[in-house]
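Undergrad: Convert by adding 8 to the 1-based position in the sequence shown; the result is the number in my numbering. Heads up, the beta-carbon is just placed ideally off N, CA and C, and yes, glycines get one too. What you are looking at is a predicted structure, and each value in this text was computed from that prediction instead of being measured. One structure, as structure tokens, below. Some questions next.
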Amino acid sequence: MILNNVIFIMGVSGCGKSTIGELLSEELSVPFFDGDDFHPQSNIEKMSNGIPLNDEDRYDWLVTLNELAKKQLQKNSCVIVCSALKKSYRDILNRNIQNQVKWIHLSGSFDQIFERLKNRKHHFMSSDLLQSQFDTLEEPENAIEINIGLKPQEIIEEIIKKIKMKSEFGLFGLGVMGKSLSRNLAQKGFEISIFNREAKGTEEDVAINFKNAHKELEKAQAFSEIEAFVNSLQTPRRIMLMVNAGKITDMVIEDLIPFLTDGDILIDGGNSNYLETKERYDYLKSKNIHFIGVGVSGGEEGALKGPSIMPGGNKETYNLVKPYLNSIAAKDINNLPCCTYIGEEGSGHFVKMVHNGIEYVEMQLLAEVYTILKTMGHNPDEIADILESWKSKADSYLLDITAKVLRKKDGNDWLVNKIVDKAGNKGTGNWAAIATAQLGVPSTLIPSALFARYTSYYKEERLQANKNFTINPSAINLDTEEILKAYQFARIINHYQGLKLISEAGKAYKWKLNLSEIARIWTNGCIIKSDLIMELIPVLKEDDNILTHKTIINQVKSLKPSINKVVSECILNELAIPCLSESVSFFNGYTTANSSANIIQAQRDYFGAHTYQRTDDTSEKFHHTNWK
Ligand code: 6PG
9 MILNNVIFIM GVSGCGKSTI GELLSEELSV PFFDGDDFHP QSNIEKMSNG IPLNDEDRYD
69 WLVTLNELAK KQLQKNSCVI VCSALKKSYR DILNRNIQNQ VKWIHLSGSF DQIFERLKNR
129 KHHFMSSDLL QSQFDTLEEP ENAIEINIGL KPQEIIEEII KKIKMKSEFG LFGLGVMGKS
189 LSRNLAQKGF EISIFNREAK GTEEDVAINF KNAHKELEKA QAFSEIEAFV NSLQTPRRIM
249 LMVNAGKITD MVIEDLIPFL TDGDILIDGG NSNYLETKER YDYLKSKNIH FIGVGVSGGE
309 EGALKGPSIM PGGNKETYNL VKPYLNSIAA KDINNLPCCT YIGEEGSGHF VKMVHNGIEY
369 VEMQLLAEVY TILKTMGHNP DEIADILESW KSKADSYLLD ITAKVLRKKD GNDWLVNKIV
429 DKAGNKGTGN WAAIATAQLG VPSTLIPSAL FARYTSYYKE ERLQANKNFT INPSAINLDT
489 EEILKAYQFA RIINHYQGLK LISEAGKAYK WKLNLSEIAR IWTNGCIIKS DLIMELIPVL
549 KEDDNILTHK TIINQVKSLK PSINKVVSEC ILNELAIPCL SESVSFFNGY TTANSSANII
609 QAQRDYFGAH TYQRTDDTSE KFHHTNWK
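See below:
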């Protein structure tokens with residue numbers, strides 16, 4: 009599928025727009041429209057009397073042409089000719105369809121055109137007005153420029169060659185995600201250019217070999233030279249960066265800048281830090297380059313078959329890449345794309361970061377369930393059976409893959425028994441923990457899951473400590489139904505906390521976030537897709553805080569005895585379950601009407617005169633006591 013396009017042919021009067029437009033529309037077998045046929049009578053009269061049109065005269069006419077283009081785009085491509093001399097006119101013509109418009113500028117010298125006009129009969133514009141046309145002309149930045157000195161047929165060939173040769177979308181970086189996304193784009197029929205750098209001995213001919221290995225990339229253009237890659241793209245260029253977050257992203261941007269032109273768009277699809285996304289946006293803005301930060305979830309398979317996409321940045325820029333992102337995204341239950349505009353600045357990357365925080369906790373909770381069931385004497389196949397039996401009540405992608413992971417054999421043993429128990433991370437969980445601390449939001453499970461990974465990394469010390477303290481959990485006595493309920497409880501708290509972090513960030517950064525819509529795009533394609541997320545879509549329509557919703561309150565109440573029991577039993581038997589236990593500890597604190605924070609305030613006032621408020625003073629004034 010190639011998106012329908014409107015080809016606007018522009019240029020001063022007499023440049024041959026109508027002839028070329030008609031020929032082009034015949035060649036492409038698409039409808040042709042002469043903009044002049046859409047002038048209101050009043051404009052025609054003015055022009056016939058030799059009076060130049062002013063901007064006010066033109067406004068309604070340009071809007072009519074824009075409407076015409078929009079209507080045509082729903083069915084087909086088309087060719088429209090219109091002088092469109094000023095940028096502001098072209099802006100009206102482009103309105104809401106920028107990404108589907110191609111501009112052809114027929115350019116020639118004054119003398120060339122003056123000669124033509126002199127020989128022309130029956131034209132309602134006199135050649136005397138030509139100079140004012142040249143004076144008005146603001147050269148377009150993003151048009152295919154064709155010199156009218158060529159013969160009409162040569163002009164048509166040139167236009168077709170230029171339109172066809174240029175790809176509509178560029179993918180920079182062919183790592184695991186970049187490869188899958190480019191195949192996804194090509195499968196949807198987009199004309200793409202792909203790029204991977206060349207490093208002698210380690211990365212050679214990556215792009216071309218990758219293209220040759222996949223049928224769907226037959227028409228893709230493959231590059232290892234940045235300049236050629238950039239020049240292969242239609243303007244405004246849309247380039248998606250799929251490179252490592254951090255310094256590499258900055259280096260790639262610097263490498264691209266010299267070849268970009270005003271209005272081009274860079275899309276950062278990596279797991280970038282949301283604060284850096286904002287800095288990059290500002291930096292690139294100063295260079296007239298658009299930048300949007302896009303969270304992409306789904307791993308290799310999701311990227312190929314349809315990821316969940318979280319774009320943030322300027323809304324108008326987003327609209328220029330929306331059709332591409334929507335097309336490659338996973339589809340929700342109503343067949344809507346799992347892609348939605350998140351908000352300004354780095355909000356897309358922020359939401360992806362919290363998605364990953366929730367993911368860390370979901371993974372950790374499943375690891376804790378595994379450790380409990382293992383300690384109870386179940387082997388990996390039995391644990392997989394138990395997890396699968398939970399699908400009717402707590403299905404999720406992560407539950408499903410965990411069961412599959414547990415079943416995987418390696419020789420006579422299960423593979424999981426041979427995997428070293430040191431968990432890695434690439435940084436998003438760390439940033440989510442930092443963000444929650446910085447924003448003053450108690451999303452405590454994300455740091456708990458993160459620190460569980462960090463603790464796991466101290467393998468040597470753990471082995472030593474295990475001997476020193478003779479810890480050997482074994483006597484756990486729990487019902488699997490109870491473990492399921494405890495797991496469900498902790499998942500609700502995890503989702504409450506993650507969504508709370510997003511909601512509070514939205515307020516702090518003045519992003520207008522729609523949490524229900526965010527939940528919707530997490531229902532497919534992403535790592536945390538689950539039945540629970542589906543359930544949260546209507547809940548979040550009512551309130552950002554899911555713990556205020558009646559059905560959730562009832563669920564939490566009925567699950568609470570089980571989490572109390574499971575956590576107590578594990579603690580008594582010295583089994584580490586940091587996220588299960590934190591979920592209930594947090595909840596107990598969160599639901600405490602009169603907490604112990606009065607003691608903290610008194611201590612602060614004692615040693616630092618930090619003052620406190622009094623329960624018997626409704627003015628909320630701050631008091632200090634001389635404690636000694
Ligand atoms: C996703 C994943 C993906 C990746 C992260 C997490 O949503 O597709 O979150 O982005 O797996 O890099 O990785 P770490 O666990 O290594 O931090």
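Would you identify the three-state DSSP class for S400, choosing helix, strand or coil?
TA: Three-state result, S400: helix.
Undergrad: What does the alpha-carbon distance come out to for the pair G365 and I536?
TA: Answer to the nearest angstrom: the Cα atoms are 10 angstroms apart.
Undergrad: Buried or exposed for V71, going by 16 or more other Cβ atoms inside 10 Å?
TA: By the 10 Å Cβ count, V71 comes out exposed.
Undergrad: According to DSSP, is L137 part of a helix, a strand, or is it coil?
TA: Helix at L137.
Undergrad: CB-CB under 8 angstroms to L249, same chain, minus the five flanking residues each way: which ones, in chain order?
TA: Result list for L249: F180, G181, T257, V260, I261, L274, I275, D276, G277, G278, in chain order.
Undergrad: At a threshold of 7 angstroms, does I637 count as lining the ligand 6PG (C-beta to nearest heavy atom)?
TA: The structure shown has nothing for residue 637, since the chain only spans 9 to 636.
Undergrad: Which residues share a DSSP beta bridge with K417?
TA: Looking at the DSSP assignment, K417 forms a beta bridge with W422.
Undergrad: By alpha-carbon positions, which one of S33, Y405, D487 ends up nearest to I541?
TA: Per the Cα distances, Y405.
Undergrad: Quick check: the stretch 575 to 582 against the stretch 499 to 514, are at least 3 beta-carbon pairs closer than 8 angstroms?
TA: The stretch 499 to 514 is not in contact with the stretch 575 to 582.
Undergrad: CB of K434 to nearest heavy atom of the ligand 6PG: below 7 angstroms?
TA: Checking every heavy atom of the ligand 6PG against the Cβ of K434, one is found closer than 7 angstroms.
Undergrad: Any heavy atom of the ligand 6PG closer than 7 angstroms to the Cβ of G365?
TA: Answer for G365: no, Cβ out of range of the ligand 6PG.
Undergrad: Roughly how many angstroms separate the alpha carbons of I216 and I200, rounded to a whole number?
TA: Answer to the nearest angstrom: the Cα atoms are 13 angstroms apart.
Undergrad: Identify whether L241 lies in helix, strand or coil by the three-state DSSP scheme.
TA: Here L241 sits in strand by DSSP.
Undergrad: Measure from the alpha carbon of S593 to the alpha carbon of each residue in T619, R612, M361, K568, then state which is nearest.
TA: The shortest C-alpha separation from S593 is found at K568.
Undergrad: Quick one: is R75 buried, meaning 16 or more other Cβ sit within 10 Å of its Cβ, or exposed?
TA: Here residue 75 is Glu; the residue named in the question, Arg, does not match the sequence. By the 10 Å Cβ count, E75 comes out exposed.
Undergrad: Let me know if S280 comes out buried or exposed under the rule of 16 or more other beta-carbons within 10 Å of its beta-carbon.
TA: So S280 counts as buried.
Undergrad: Residue ranges of each beta strand (DSSP E) run of no fewer than 3 residues wholly in the stretch 76 to 163, ordered along the chain?
TA: Listed in chain order, the complete beta strand (DSSP E) runs (minimum 3 residues) inside the stretch 76 to 163 are 86 to 89, 109 to 115, 151 to 155.
Undergrad: Report yes or no: do three or more beta-carbon pairs, one from the stretch 423 to 435 and one from the stretch 443 to 457, lie closer than 8 angstroms?
TA: In short, these stretches do not touch, since the Cβ pair count stays below three.
Undergrad: Who are the Cβ neighbours of H503 in its own chain at under 7 angstroms, not counting the five residues just before and after it?
TA: So the list reads I366, L540, L544, I554, once near-sequence residues are dropped.
Undergrad: What does the Cβ neighbour count give for M9, buried or exposed, with the cut at 16 atoms within 10 Å?
TA: In this prediction, M9 has a pLDDT of 39, which is less than 50 and means its spatial position is unreliable; what the coordinates show is noted afterwards. Exposed, by the Cβ-count rule.
Undergrad: Residues in its own chain within less than 8 angstroms of I152 by CB, not counting five upstream and five downstream?
TA: Hits under 8 angstroms: K110, W111, I112, H113, I167, K170, I171.
Undergrad: Let me know the beta strand (DSSP E) ranges lying completely inside the stretch 161 to 192, each 3 residues or longer, listed in chain order.
TA: Complete beta strand (DSSP E) runs here, min 3: 177 to 180.
Undergrad: Once you ignore the five residues that flank N296 on each side, which residues in its own chain have a CB closer than 6 angstroms to its CB?
TA: Closer than 6 angstroms at the Cβ level, and outside the excluded window around N296, lie D270.
Undergrad: Indicate, with yes or no, if the ligand 6PG has a heavy atom lying under 7 angstroms from the CB of S305.
TA: Yes, Cβ of S305 sits closer than 7 angstroms to a heavy atom of the ligand 6PG.
Undergrad: Report whether the distance from the Cβ of N322 to the nearest heavy atom of the ligand 6PG is below 7 angstroms.
TA: Not so, every heavy atom of the ligand 6PG lies at least 7 angstroms from the Cβ.
Undergrad: Tell me the rounded alpha-carbon separation between I247 and K360.
TA: Roughly 20 angstroms separates the two Cα atoms.
Undergrad: Quick one: residues in its chain with C-beta nearer than 8 angstroms to the C-beta of S232, no 5 flanking neighbours on either side, listed in chain order?
TA: Same-chain partners within the cutoff: F203, N204, R205, E206, D213, V214, A215, I216.
Undergrad: Just how far apart, CA to CA, sit G24 and N322?
TA: Distance between the alpha carbons of G24 and N322: 38 angstroms.
Undergrad: Start and end of the beta strand (DSSP E) containing A230?
TA: Element bounds for A230: 229 to 231.
Undergrad: Which complete alpha helix (DSSP H) runs does the stretch 307 to 375 hold, if anything under 4 residues is left out?
TA: Listed in chain order, the complete alpha helix (DSSP H) runs (minimum 4 residues) inside the stretch 307 to 375 are 307 to 313, 323 to 336.
Undergrad: Out of D263, L225, Y368, S26, which has the shortest C-alpha to C-alpha gap to E235?
TA: Ranking the options by Cα distance to E235, first place goes to D263.
Undergrad: Looking at L93: is its Cβ nearer than 8 angstroms to the Cβ of I121?
TA: Not a contact, by the Cβ cut-off of 8 angstroms.
Undergrad: Residues in the same chain with beta-carbon distance under 6 angstroms from P455, minus the five sequence neighbours each way, listed in chain order, please.
TA: Same-chain partners within the cutoff: A441.
Undergrad: Taking its Cβ as the centre, do 16 or more other Cβ atoms sit within 10 Å of A228, making it buried, or is it exposed?
TA: A228 should be labelled buried.
Undergrad: Rounding to the nearest angstrom, what Cα-Cα distance links H47 and N239 in this structure?
TA: Roughly 37 angstroms between the two C-alpha positions.
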